[in-house]
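To start, the structure under review is shown below, and the notes come after it.
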Amino acid sequence: MTGEELIKYCLEKRGAYLDFPFGDDYAVVKIKTSPKRNGYIFAEVFEQSGEEKFTFSTSADDAVFLREGLDGAVVRGWHCPPVQARYKSTATLPRIGDDLARQFADVSYQRAYSRLTRQERENIKS
-2 MTGEELIKYC LEKRGAYLDF PFGDDYAVVK IKTSPKRNGY IFAEVFEQSG EEKFTFSTSA
58 DDAVFLREGL DGAVVRGWHC PPVQARYKST ATLPRIGDDL ARQFADVSYQ RAYSRLTRQE
118 RENIKS
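Going by the numbering used here, the sequence shown opens with residue -2, and the numbers climb by one from there.
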């Protein structure tokens, strides 16, 4: 799966939109929230050292499991501050395959969606 394909997959999710807050070469997919909260990031797609990367969020336990079990294909979130590093991981897209990329995006989306208020959830359903 390419970064472009992953972004397209993420944008099919309810309330998802594309943003470039860190520059034109760093795509961020967010879930819409209230205007005051500026959306929740659930996928970041960028290129590093000639490889497409994908940063996503999981539980802290799952992050450790993935980093230890996927032989370097998943590492600590590339740019994440320490407070987020427990939950954010960065995967090298060609090394994880399509199914895992979609699963990681789904989990990350669900984590972001769970942070929405009831009103925000209602707004993206309509």
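Backbone N, C-alpha and C fix where the C-beta goes; we use that ideal spot for every residue, glycine too. Remember, it's a predicted structure, so these values are computed and weren't measured experimentally.
Item                                                                                             : Value
Contact the region 102 to 112 vs the region 27 to 43: 3+ CB pairs below 8 Å                      : yes
Separation of D58 from G94, as counted between CA atoms                                          : 22 Å
Expected contact under 8 Å - CB spacing of K50 and F43 to nearest Å                              : 6 Å
Within the region 56 to 86, ranges of the alpha helix (DSSP H) (whole runs, at least 4 residues) : 57 to 66 and 79 to 82
DSSP bridge partner residues for D16 (one or two, in chain order)                                : V25
Below-9 Å beta-carbon distance, G36 vs any chain B residue                                       : The displayed structure is made up of one protein chain only, and chain B is not part of it.
Given V28 as reference, the closest of Y14, G20 and P18 once Cα atoms are compared               : Checking the sequence, you will find Ile at residue 28 rather than Val. Checked all of Y14, G20 and P18; the closest Cα to I28 is Y14.
Alpha carbon of S56 to alpha carbon of K85, nearest angstrom                                     : 9 Å
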